[in-house]
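Under my numbering, the first residue of the sequence shown is numbered 11, with each subsequent residue one higher. Using N, Cα and C, we set each Cβ at its ideal position, and we do this for glycine too. Keep in mind it's a predicted model, so treat the numbers as computed, not measured. Working notes, beginning with the structure itself.
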Amino acid sequence: MAASSRAQVLRLYRALLRESQRFSSYNYRTYAIRRIRDAFRENKNIKDAEKIEELVNKAKANLEVIHRQVFCWRAVISSILQRSIRGRGWRRQQSRECHRRRVRDHSDLSQYLVN
Numbered sequence: 011m012a013a014s015s016r017a018q019v020l021r022l023y024r025a026l027l028r029e030s031q032r033f034s035s036y037n038y039r040t041y042a043i044r045r046i047r048d049a050f051r052e053n054k055n056i057k058d059a060e061k062i063e064e065l066v067n068k069a070k071a072n073l074e075v076i077h078r079q080v081f082c083w084r085a086v087i088s089s090i091l092q093r094s095i096r097g098r099g100w101r102r103q104q105s106r107e108c109h110r111r112r113v114r115d116h117s118d119l120s121q122y123l124v125n
């Protein structure tokens, strides 16, 4: 294996591990890291340049998939959190208005009861 392709493979390996660390779920993160390490260990003795090139291209495609999954998952989580925060704020505002109406209604009733 030439030095440049070895360096390229090592950069790709590190990039895959780095990107897998960004999974928020512990199970996804550990599974991805384990699969990456196992795949690279399994293929470390391959000498055929065409096979190496094929595996590098496959790893690049997997890196893009991991990146997309991490990005989309974070987008989904943030939108869910924003909705729940907005929903909570809306409910809180509605309950304050209901409380004001109840207080106002009770104060109106108390005027009639006192007299």
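At which residues does the alpha helix (DSSP H) containing residue i begin and terminate?
i: F50; result: 36 to 52
Would DSSP call residue i helix, strand or coil?
i: E29; result: helix
i: K68; result: helix
i: I56; result: coil
i: S15; result: helix
Taking residue i and residue j to be in contact with their CB atoms under 8 angstroms, please state how far apart those CB atoms are, rounded to whole angstroms.
i: L20; j: A69; result: The Cβ separation is near 11 angstroms, so there is no contact.
Thinking C-beta only, is residue j closer than 8 angstroms to residue i?
i: F33; j: R24; result: no
i: S15; j: I62; result: yes
i: L27; j: N72; result: no
Within a Cβ cutoff of 7 angstroms, which residues of the same chain sit near residue i, ignoring the five residues on either side of it in sequence?
i: F50; result: Y23
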